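Quick notes on the structure that follows.
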Amino acid sequence: MVDLRAECGDITHYATDAIVNAANRDLAPGGGVCGAIHRAAGPELARAAEPLGAIDTGAARLTPGFDLPAAFVIHAVGPVWQGGTADEDRLLARAYAASLGLAADRGLATIAFPAISCGVFGYPVTRGTAVAVGAVRAWLAGPGATASVQRVVFVCADKAVRAGFDAALAATDR
1 MVDLRAECGD
11 ITHYATDAIV
21 NAANRDLAPG
31 GGVCGAIHRA
41 AGPELARAAE
51 PLGAIDTGAA
61 RLTPGFDLPA
71 AFVIHAVGPV
81 WQGGTADEDR
91 LLARAYAASL
101 GLAADRGLAT
111 IAFPAISCGV
121 FGYPVTRGTA
131 VAVGAVRAWL
141 AGPGATASVQ
151 RVVFVCADKA
161 VRAGFDAALA
171 ATDR
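If you count by UniProt numbering, then the sequence shown holds residues 1 to 174, one letter each, in order.
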């Protein structure tokens, strides 16, 4: 059984096999958690991401973690919130699933996610955390899941995000 939990903390300090970067399409240093990850990893992260080119919303790519305690960074592009009318939930779920797929392909056991799209991209926290937990649980129960993924941590920057993840986890535990 996979250990699925939410914790408050700084994702750049997590010594998991991979942390997920809530990336922009160009995989360039940005604001929010993306900027924090790039600063903590060092300039090598941007240099490694540049040749990967622009990626679609809902997609993910992997680079080394460089100066981070995590071995890898999975760059996942979530949607910018547009009021819920632009297929945002499906695209956000796809970003989580794509990240887990990359982790499984590499045989990674532990992965830490931020609340993708819930910061700079404006996604409502309650909705975004519910989509995140639903997507992760669906992936773990689906045909793409592997035995390698053992622990998934939703790393929360504040108590409001933690409350959203806690509620979503409790609602899907039934």
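Just so you know, even glycine gets a beta-carbon here, dropped at the ideal spot from N, CA and C.
Remember, predicted model here, so these are calculated numbers, not experimental data.
Own chain partners of residue i with C-beta closer than 8 Å, once the 5 adjacent residues on each side are dropped
i   : result
R90 : G58
Q82 : E88
D56 : R25, V77
E7  : V153, F154, V155, C156, R162
Cβ-Cβ distance between residue i and residue j below 8 Å
i           : j    : result
L108        : A18  : yes
F154        : F113 : yes
V20         : Q150 : no
residue 178 : V77  : Because the chain is modelled from 1 through 174, residue 178 falls outside the range shown and cannot be assessed.
I111        : A103 : yes
L27         : R61  : yes
P64         : A48  : yes
P69         : Y14  : yes
A54         : R25  : yes
V131        : L92  : yes
G32         : V120 : yes
A36         : T12  : yes
Local Cβ density within 10 Å of residue i, reported as buried at 16 or more and exposed below that
i    : result
G84  : exposed
C118 : buried
C156 : buried
L45  : buried
A97  : buried
P51  : exposed
C34  : buried
G128 : buried
A135 : buried
DSSP beta-bridge partners of residue i
i    : result
H75  : N21, R61
D3   : R151
R111 : Arg is not the amino acid found at residue 111; the sequence shown has Ile there. For I111, which the question treats as bridged, DSSP gives the partners A18, V152.
C8   : C156
Contacting residues, own chain, Cβ-Cβ under 7 Å from residue i (five flanking each side not counted)
i    : result
G101 : G144
A160 : V125
Proximal residues to residue i (C-beta, below 6 Å), its chain only, five neighbours per side dropped
i           : result
S99         : V20, A60, I74, A76
residue 231 : Here the chain comprises residues numbered 1 to 174, so residue 231 is not present and cannot be evaluated.
L140        : V2
Y123        : W81, S117
F66         : A41, G42, E44, L45
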